[in-house]
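Enquirer:
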Amino acid sequence: MIKTTTHNDLIQYIYDELALGEKQLFEQTLAQNHELAEHCAELLILQEKLNVELKVPSEKTINSILTYSKNLSLQQ
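Residue numbers (numbering that gives the first Met the number 0): 0 to 75.
1. For Leu29, which residues from the same chain have a beta carbon less than 7 Å from its beta carbon, with the 5 sequence-adjacent residues on both sides left out?
2. Quick check: is the beta carbon of Glu47 nearer than 7 Å to any beta carbon in chain D?
3. To which residues of the same chain is Gln46 closer than 7 Å at the C-beta, ignoring the five residues directly before and after it?
4. Can you tell which of Phe25, Thr60, Leu42 has the C-alpha that lies nearest to the C-alpha of Thr4?
5. Using the Cα positions of Met0 and Glu21, report the straight-line distance between them to the nearest angstrom.
6. For Asn32, which option in Leu9, Leu65, Ser72 has the closest C-alpha, if you only look at C-alpha atoms?
Encoded structure:
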């Protein structure tokens with residue numbers, strides 16, 4: 000029986016949530032399926048971009064925090 004790879008499998012793979020045996024089978028499938036490997040690579044790039052974006056607050060957010068802090072210290 001042939002197992003069909005799903006989007007859920009891809010997501011679990013890029014977030015390292017597959018069991019060891021499943022991960023090894025998935026990597027074998029990636030080695031044989033160029034289109035799937037390209038899609039996986041795109042998702043890994045997007046994951047990295049999301050991780051970078053989440054770590055850097057916007058200038059607006061920083062200014063809001065600084066303004067709040069300044070106003071709080073003036074009230075005391």
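Ideal Cβ positions, reconstructed from N, Cα and C, are used throughout, including at glycine.
Expert: To lay it out plainly:
1. Same-chain partners within the cutoff: Leu35, Ala36, Cys39.
2. The structure shown has no chain D; it contains just one protein chain.
3. In its chain, beyond the 5 residues on either side, Ile13 have a beta carbon closer than 7 Å to the beta carbon of Gln46.
4. It is Phe25 whose Cα lies nearest to the Cα of Thr4.
5. Residue placement at Met0 is flagged as unreliable, the pLDDT there being 42, under the threshold of 50; the coordinate-derived value follows with that caveat. Those two C-alpha atoms are separated by around 15 Å.
6. Selection Leu9, Leu65, Ser72 evaluated against Asn32 yields Leu9 as nearest (Cα-Cα).
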